[in-house]
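In our numbering, the protein residues as written are 22 to 161.
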């Protein structure tokens, strides 16, 4: 936790959860970040995002989870999450990653995320975090 004056319930990601491709995902960081996001705590969320974006693999996993959750809730990804020309709130960086992985090419999505700058990864992560937190808060 980044701030010892308060605590978050956290979002528990099982310790034995493995990435299907065996990539080194920081599930503890993802859980802390999701806990802060669900509590609406930007005091913790901002520094955790700064740590996250330095880890392209974990950042890509966050985007992947947002895509999976959206697909499960809506039966697919809307164009506003994948098409750079369609109006919507998803960042262009998130759209680039989501579009790359939309046909199941997640390995390619992870590679594209590795090539992004930290600033680009942060934009993608912000959209992914907002998407996941929104879906979870709405009970979807």
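Just so you know, even glycine gets a beta-carbon here, dropped at the ideal spot from N, CA and C.
Per DSSP, residue 138 lies in no alpha helix (DSSP H) and is assigned neither H nor E.
Taken through DSSP and simplified to helix, strand or coil, residue 56 comes out as helix.
Here residue 73 is not near residue 98, since their CB atoms are 9 Å or more apart. Exposed is the label assigned to residue 140, since fewer than 16 other Cβ atoms lie within 10 Å of its Cβ.
Residue 62 and residue 154 have their alpha carbons spaced roughly 12 Å apart. The segment 103-121 and the segment 75-94 touch, with three or more beta-carbon pairs separated by less than 8 Å. For residue 79, the closest alpha carbon among the candidates 42, 160, 159, 123 is that of 42.
Around the beta carbon of residue 105, a 10 Å sphere encloses fewer than 16 other beta carbons of the protein chains shown; the residue is thus reported as exposed.
Rounded to whole angstroms, the Cβ separation of residue 83 and residue 149 is 5 Å, and the two are in contact under 8 Å. Taking each of 64, 60, 71 in turn and checking the Cα distance to residue 50, the smallest one comes out for 71. If the five residues before and after residue 69 are omitted, its C-beta is found closer than 8 Å to the C-beta atoms of 23, 50, 53, 54, 57, all from its own chain and listed in chain order. Residue environment for residue 75: exposed (fewer than 16 other C-beta atoms within 10 angstroms of its C-beta). Residues of the same chain with a CB within less than 8 Å of the CB of residue 158, apart from the 5 flanking positions on each side, are 59 in chain order.
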